[in-house]
Amino acid sequence: MTAEIAVMNTKAVALAADSAVTINYGEKVYHSVDKLFQLSCVHPVGVMFYGRDNFLNIPWETIIKSYRQRLKDAHFPTVSAYARDFFQFLQQAEFDAASKNGREALFVLEAIQMELKAMEKKLTDLKNRLFKKLGEFVPHDEKMKIYNEQAEQYLLRCIRYLKKDYIHPFGDEDFATLMDTYSDFIEKKARKLLTEKLMKEDWLELVKAIVLSFLLKDFSNYKSGIVFAGFGEQEYLPSVVAFEVDGKINGKLKFRLVPEKTKKIDEQINASIIPFAQVDMVDAFITGIDYQLENYYLSEIEKMLETIPKQMKQLVKTKWDAADLDALEAEMYVKLIQLYRDFNEKIQRFKEKRFIDPIIYNVQVLPKKELAEMAEALVQLTSFKRKVTAAVESVGGPIDVAVISKSDGFVWFKKKQTL
Numbered sequence: 422m423t424a425e426i427a428v429m430n431t432k433a434v435a436l437a438a439d440s441a442v443t444i445n446y447g448e449k450v451y452h453s454v455d456k457l458f459q460l461s462c463v464h465p466v467g468v469m470f471y472g473r474d475n476f477l478n479i480p481w482e483t484i485i486k487s488y489r490q491r492l493k494d495a496h497f498p499t500v501s502a503y504a505r506d507f508f509q510f511l512q513q514a515e516f517d518a519a520s521k522n523g524r525e526a527l528f529v530l531e532a533i534q535m536e537l538k539a540m541e542k543k544l545t546d547l548k549n550r551l552f553k554k555l556g557e558f559v560p561h562d563e564k565m566k567i568y569n570e571q572a573e574q575y576l577l578r579c580i581r582y583l584k585k586d587y588i589h590p591f592g593d594e595d596f597a598t599l600m601d602t603y604s605d606f607i608e609k610k611a612r613k614l615l616t617e618k619l620m621k622e623d624w625l626e627l628v629k630a631i632v633l634s635f636l637l638k639d640f641s642n643y644k645s646g647i648v649f650a651g652f653g654e655q656e657y658l659p660s661v662v663a664f665e666v667d668g669k670i671n672g673k674l675k676f677r678l679v680p681e682k683t684k685k686i687d688e689q690i691n692a693s694i695i696p697f698a699q700v701d702m703v704d705a706f707i708t709g710i711d712y713q714l715e716n717y718y719l720s721e722i723e724k725m726l727e728t729i730p731k732q733m734k735q736l737v738k739t740k741w742d743a744a745d746l747d748a749l750e751a752e753m754y755v756k757l758i759q760l761y762r763d764f765n766e767k768i769q770r771f772k773e774k775r776f777i778d779p780i781i782y783n784v785q786v787l788p789k790k791e792l793a794e795m796a797e798a799l800v801q802l803t804s805f806k807r808k809v810t811a812a813v814e815s816v817g818g819p820i821d822v823a824v825i826s827k828s829d830g831f832v833w834f835k836k837k838q839t840l
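Residue numbers for the sequence shown follow our numbering, so the first one is 422 and each next one is one higher.
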């Protein structure tokens, strides 16, 4: 993981990125990776990545610098157009023609194994919770019967979730191709990971459908984020365009725009702060409250309010008949839910008025130097939080900071020394 941020107003956009990268799925962390780059040597556009640090085992740094070399002095009217051209390059580039198909196959095999491991964990947790709940006095065969019913329901829920549309540009023909190519591999791995203790034999086809549907209809936890920022040739105000990339399947690039992280300064928006990857500390700084704390107290309030109608019903049941009591309970429930919603809206308005709006207002008028300092400080805040908690220090190392303006182009505010 990592922490990155874009802070922009009408003058410029400042980008900041830490240097940490995790490998072996979080087991090891290095603090010397470059994640922030010039996309063009002559035009005011930058790019940074987060999450997985490679595409089909080719480092993003290599890909970005290869694209920059190919781009030379070419330019596009908007930052979005630069992004489209980059992904066209990524789709068509022959980084290693001899092993291109092998790289794609390795990516698919790895993705299949990760999905099967996730399924194994879900089923193991389900079985352990169930056996603990039933206790030692329920016969093992009875426990297994109940487990099999619940596990099958879980798999069917997965199938229902994956009834959604394919990610563009995938379709039924891609599913059929993957099934023909990887059916035996999935069956072999499923038998090894799930075994007869977790899976019945007649679930195999269901498991295959879930795994392959996930590849074509959802994004994994090991995807990369790619952020483009700056000014196109026809843009006089900065913009940020964010994407997620999750490999290549059947020769087709698997990627999508992230709308909530894509922003543009215009007549309605004069400033914006956009955190990427680990966003909790930046969100807490901007909104005035940690999202986990907010979610917890809202959830607890909702639970308490839901109990009030039944408690009131018990208090007055000797004075009202059953029909009136049921009507009272239903009416109270509706009113309490509305009360909860009103309370939540007031909290959100208070956060905006007291915390969010003042910060955004000040960002509007910040000079370029202060934009860069703010971006660096917000990344440093996340790094410090990870350092003083029990969490893995997945944010850390030197922080690279750049400022991109229409007049001065891409300028390094702070850049770590590299070999």
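Glycine included, C-beta positions come from ideal geometry on N, C-alpha and C.
In the DSSP secondary-structure assignment, Asn783 is not bridged to any residue. Using a C-beta cut-off of 8 Å, the segment 501 to 516 makes no contact with the segment 578 to 590, since fewer than three inter-stretch Cβ pairs fall below that distance. Ranked by Cα distance from Arg489, the first of Tyr471, Asp639, Met535 and His464 is His464. Residue pairing by DSSP puts Trp833 in a beta bridge opposite Ala823.
Checking the DSSP bridge columns, you'll see Leu802 has no partner listed. Val666 is bridged by DSSP to Ser645 and Phe676. DSSP places Met429 in the uninterrupted beta strand (DSSP E) bounded by Ala424 to Asn430.
In this structure, Lys682 places its C-beta atom within 8 Å of the C-beta atom of Ile695. Going by beta carbons, Gln571 and Leu547 fall inside the 8 Å limit. Per DSSP, the beta-bridge partners of Thr443 are Val450. Between the C-alpha atoms of Met620 and Glu563 there is a straight-line separation of about 16 Å. According to the DSSP assignment, Ser693 belongs to the beta strand (DSSP E) that extends over Ala692 to Ala698. Ranking Leu599, Thr423, Val700 and Glu573 by CA distance to the CA of Phe635 puts Leu599 first. Judged by their CB atoms, Ile722 and Ile607 are not nearer to each other than the 8 Å cut-off. Runs of alpha helix (DSSP H) with 4 or more residues, each lying fully within the segment 466 to 552, are found at 481 to 492 and 500 to 513, listed in chain order. With a minimum length of 3 residues, the unbroken runs of beta strand (DSSP E) contained wholly in the segment 572 to 660 fall at 645 to 651. Look at Gln838 here: in three-state DSSP terms it is coil, with no helix or strand label. In the DSSP assignment, Lys731 forms no beta bridge with any residue.
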